[in-house]
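Numbering (my numbering) for the sequence shown: 125 to 743. We put the beta carbon where it would ideally sit given N, CA and C, even for glycine.
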Amino acid sequence: MCGIVGYVGSKEATPVLINGLKKLEYRGYDSAGIAVLSESADEILVRKSKGALKFLEAKIADEVIKGSVGIGHTRWATHGEPSDLNSHPHTNVSGTIAVVHNGIIENYAKLKAWLQDQGIVFRSQTDTEVIAHLINYFYEKSGELFKAVLETLHKLEGSYALGVVCTKYPDRLIAARKESPLIVGLGKDENFIASDVPAVLEYTRDVYYLDQKEIAVLYSDHVDLFNEDGEKIHKEPSHVEWDLSSAEKDGYAHFMLKEIHEQPKVLDATIKAHVVYDEKKNPVDLTFSKEIESDRINEMIQNAKRIVITACGTSYHAGMVGKYAFEKFARIPTVVDVASEFRYRNPILNKDDVFIVISQSGETADTLAAMRLAKENGAKVIAITNVVGSTVSREADFVIYTLAGPEIAVASTKAYTTQLACLYMISMMFGYKNGKLPEAEYKKLLNELIKIPELSQKILENQEDVQKFASRQFNKSKIFYIGRQFDSASSLESALKLKEVSYMHCEAFAAGELKHGPIALIDNDTLVVAIATCPELYEKLVSNIVEVKSRGATTMCITQNKAEMSKACDEILEIPETDSTLESILSIIPAQLFAYYCSVQKGIDPDKPRNLAKSVTVE
Ligand code: F6R
Numbered sequence: 125m126c127g128i129v130g131y132v133g134s135k136e137a138t139p140v141l142i143n144g145l146k147k148l149e150y151r152g153y154d155s156a157g158i159a160v161l162s163e164s165a166d167e168i169l170v171r172k173s174k175g176a177l178k179f180l181e182a183k184i185a186d187e188v189i190k191g192s193v194g195i196g197h198t199r200w201a202t203h204g205e206p207s208d209l210n211s212h213p214h215t216n217v218s219g220t221i222a223v224v225h226n227g228i229i230e231n232y233a234k235l236k237a238w239l240q241d242q243g244i245v246f247r248s249q250t251d252t253e254v255i256a257h258l259i260n261y262f263y264e265k266s267g268e269l270f271k272a273v274l275e276t277l278h279k280l281e282g283s284y285a286l287g288v289v290c291t292k293y294p295d296r297l298i299a300a301r302k303e304s305p306l307i308v309g310l311g312k313d314e315n316f317i318a319s320d321v322p323a324v325l326e327y328t329r330d331v332y333y334l335d336q337k338e339i340a341v342l343y344s345d346h347v348d349l350f351n352e353d354g355e356k357i358h359k360e361p362s363h364v365e366w367d368l369s370s371a372e373k374d375g376y377a378h379f380m381l382k383e384i385h386e387q388p389k390v391l392d393a394t395i396k397a398h399v400v401y402d403e404k405k406n407p408v409d410l411t412f413s414k415e416i417e418s419d420r421i422n423e424m425i426q427n428a429k430r431i432v433i434t435a436c437g438t439s440y441h442a443g444m445v446g447k448y449a450f451e452k453f454a455r456i457p458t459v460v461d462v463a464s465e466f467r468y469r470n471p472i473l474n475k476d477d478v479f480i481v482i483s484q485s486g487e488t489a490d491t492l493a494a495m496r497l498a499k500e501n502g503a504k505v506i507a508i509t510n511v512v513g514s515t516v517s518r519e520a521d522f523v524i525y526t527l528a529g530p531e532i533a534v535a536s537t538k539a540y541t542t543q544l545a546c547l548y549m550i551s552m553m554f555g556y557k558n559g560k561l562p563e564a565e566y567k568k569l570l571n572e573l574i575k576i577p578e579l580s581q582k583i584l585e586n587q588e589d590v591q592k593f594a595s596r597q598f599n600k601s602k603i604f605y606i607g608r609q610f611d612s613a614s615s616l617e618s619a620l621k622l623k624e625v626s627y628m629h630c631e632a633f634a635a636g637e638l639k640h641g642p643i644a645l646i647d648n649d650t651l652v653v654a655i656a657t658c659p660e661l662y663e664k665l666v667s668n669i670v671e672v673k674s675r676g677a678t679t680m681c682i683t684q685n686k687a688e689m690s691k692a693c694d695e696i697l698e699i700p701e702t703d704s705t706l707e708s709i710l711s712i713i714p715a716q717l718f719a720y721y722c723s724v725q726k727g728i729d730p731d732k733p734r735n736l737a738k739s740v741t742v743e
């Protein structure tokens with residue numbers, strides 16, 4: 125989604141803005157622009173360009189844009205095609221006010237018609253342009269910029285993160301947010317706004333995470349915060365613990381590959397944060413006491429009649445693995461819903477439901493709406509998220525963090541496996557505490573769980589096998605992933621990864637469904653990848669593989685049991701053995717690597733797949 129940066133200080137703003145926008149490229153964009161208040165403050169210098177940031181950089185390469193207050197934007201088109209004209213920043217007619225915006229103004233058509241009636245001629249097709257003209261309209265009435273911004277915000281329906289500069293107020297930058305994320309970076313004699321922390325991390329680790337409808341006015345030496353009524357508020361800044369190297373490639377060709385390789389480390393951190401050891405260093409229990417008071421969690425577990433999980437995309441697939449885990453370990457019926465569906469179907473919620481939302485970014489619009497709906501219906505929400513200070517983390521009742529560090533590549537990898545680790549841990553704890561998972565089995569599972577990071581490292585050491593396999597298969601016209609139970613959830617996630625970064629046509633099916641229709645698609649230009657980690661279902665899967673092979677498909681299997689599955693498959697990618705219920709954390713890793721290498725083989729940039737945005741903050 126769009127990226128916003130802003131600067132007030134004594135440095136030249138342009139390089140700071142361009143630098144910040146580069147750090148936000150991962151969010152996905154199709155055009156970019158900056159607006160800098162000229163040194164004499166008599167004009168705003170707006171430069172914008174369709175396409176990658178390098179085109180904007182080329183456009184300004186021969187100019188000296190002097191000025192130390194400015195805003196910048198990477199746009200992901202929603203209203204109006206990607207073009208120079210539709211790129212942000214947008215200005216009022218006289219060019220004295222400039223605005224960058226992330227989000228969607230739902231009532232923009234009405235506002236636009238009204239402004240047109242006042243004689244305003246619009247230059248772009250965007251919803252954002254109304255904001256610049258509205259601020260101008262109110263400014264002309266009151267002569268006060270802050271008041272004009274406030275009045276404008278009251279007229280806007282929908283979502284926004286905003287940055288505003290004005291020639292009449294050359295010492296400041298105004299920012300506001302509703303739904304779309306925005307942070308304020310606090311420097312020494314300089315301050316920043318950004319859609320995400322990496323854009324400011326080179327300059328400061330102290331940030332305000334703006335809450336819903338908060339407004340910030342930034343000067344070079346201080347920042348004032350206000351609520352939606354324009355009353356001054358006070359909040360403590362947060363200190364960002366991770367450093368910039370976590371948000372850089374560290375010698376890897378792409379962020380996606382780096383993040384796949386970080387999985388052993390981040391899984392270890394996520395798991396170890398909850399494991400309790402005895403004096404002989406054996407894992408004996410799990411604790412979430414930092415996240416949920418023990419009384420509360422005990423009550424929740426004893427009363428839980430149903431688990432309801434909602435999320436989108438990859439996080440939804442993690443939820444599907446979670447369903448199998450909750451039903452297996454805790455024997456609690458579990459439903460998993462795509463968040464965009466959940467919110468529109470008048471869902472039935474009961475007071476004894478445990479509601480879990482999963483969101484890497486913590487900002488996904490549909491997931492937030494589902495969570496809010498659940499809360500309105502009286503549910504207590506446990507959130508699994510990766511981003512400290514995100515909206516999900518602030519609005520959920522209890523937050524369990526995946527300690528994956530910043531995930532920059534658009535396609536989610538390390539966030540997914542750490543989400544699985546959290547779901548396994550919560551479901552195991554529920555099962556142990558509600559008496560459905562016997563102690564001996566619980567402890568055995570814990571023992572296996574803490575070894576998972578090391579086992580994931582072993583898969584990465586054999587990544588060349590996957591690379592070679594990808595180089596033989598990347599031009600197949602159809603790819604199908606199949607699996608049963610936990611493996612059917614992993615198949616969905618494997619297929620999504622491949623679609624996202626290689627644009628190959630790929631589908632996933634519960635293996636038993638093949639003969640009910642999809643088998644008609646099989647021919648000799650098809651690759652079928654079976655994920656086989658459930659020993660009790662090997663035989664069934666072998667039959668499925670034989671069925672597709674006899675119809676011409678090339679077959680490959682991701683499994684911990686090479687001996688069994690090589691009876692039927694052309695190729696095997698072996699994964700290490702652990703408790704079969706935990707294999708989902710491992711079986712996805714070869715699929716992530718396969719997607720990555722197919723992408724590279726096809727000359728695609730896996731970090732920035734077409735049409736996709738990292739954090740989907742609009743519906
Ligand atoms: C796929 C991917 C997306 C996200 C989805 C939800 O690789 O990353 O499918 O999983 O947009 O995002 P979060 O988890 O941030 O709510």
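Taking all protein chains shown into account, do 16 or more other C-beta atoms lie within 10 angstroms of the C-beta of residue i, making it buried, or fewer, making it exposed?
| i | result |
| --- | --- |
| Gln240 | exposed |
| Glu417 | exposed |
| Glu281 | exposed |
| His385 | buried |
| Asp392 | buried |
| Gly375 | exposed |
| Pro388 | buried |
| Ala692 | buried |
| Val245 | exposed |
| Pro730 | buried |
| Glu403 | exposed |
Mind checking which residues open and close the beta strand (DSSP E) that includes residue i?
| i | result |
| --- | --- |
| Thr678 | 678–683 |
| Ile168 | 168–174 |
| Ile195 | 193–199 |
| His225 | 221–226 |
| Thr458 | 458–462 |
| Cys126 | First-last for Cys126: undefined, no H or E at that position. |
| Val289 | 284–290 |
| Phe604 | 602–607 |
| Ile158 | 155–161 |
| Asn315 | 315–318 |
| Leu645 | From DSSP, Leu645 is part of no beta strand (DSSP E); its letter is neither H nor E. |
Distance, Cα to Cα, residue i vs residue j?
| i | j | result |
| --- | --- | --- |
| Glu695 | Ala442 | 27 Å |
| Asn558 | Lys414 | 20 Å |
| Asn406 | Asn571 | 8 Å |
| Gly175 | Ile532 | 20 Å |
| Pro361 | Ser266 | 32 Å |
| Ile91 | Gly727 | Nothing can be reported for residue 91, as the shown portion of the chain is limited to 125 through 743. |
| Cys436 | Ile506 | 16 Å |
| Ile298 | Thr198 | 18 Å |
| Leu342 | Ala300 | 11 Å |
| Gln684 | Ile576 | 13 Å |
| Leu310 | Ile472 | 44 Å |
| Gln249 | Tyr662 | 56 Å |
| Ser483 | Ala237 | 37 Å |
| Asn735 | Ser723 | 15 Å |
| Ala201 | Ile317 | 21 Å |
| Val289 | Pro305 | 19 Å |
| Glu563 | Asn422 | 17 Å |
| Tyr261 | Val132 | 25 Å |
| Ile195 | Lys146 | 14 Å |
| Asp611 | Glu588 | 23 Å |
Output needed for residue i: all residues of its chain with C-beta closer than 8 Å, excluding positions within five of it in sequence on either side, in chain order.
| i | result |
| --- | --- |
| Ile643 | Glu671, Val672, Arg675 |
| Asp208 | Ser155, Lys172, Ser173, Lys174 |
Below 7 Å CB to CB, which residues in the same chain sit around residue i once its five sequence neighbours on both sides are set aside?
| i | result |
| --- | --- |
| Val321 | Ile307, Val331, Val364 |
| Tyr333 | Ile307, Ser362, Gly513 |
| His750 | No statement about residue 750 is possible, as the shown extent of the chain runs from 125 to 743 and does not include it. |
| Arg608 | Ala634, Ala635, Gly636, Cys658, Leu661, Lys664, Leu665 |
| Glu163 | Lys190, Gly191 |
| His278 | none |
| Ile425 | Phe554, Lys557, Asn558 |
Who are the Cβ neighbours of residue i in its own chain at under 6 Å, not counting the five residues just before and after it?
| i | result |
| --- | --- |
| Asn556 | Reading off the sequence shown, one finds Tyr at residue 556, where the question assumed Asn. Once the five neighbours on either side are set aside, the close Cβ partners of Tyr556 are Tyr566. |
| Ser601 | Asp649 |
Looking at the secondary structure, which residues open and close the alpha helix (DSSP H) in which residue i lies?
| i | result |
| --- | --- |
| Cys546 | 538–557 |
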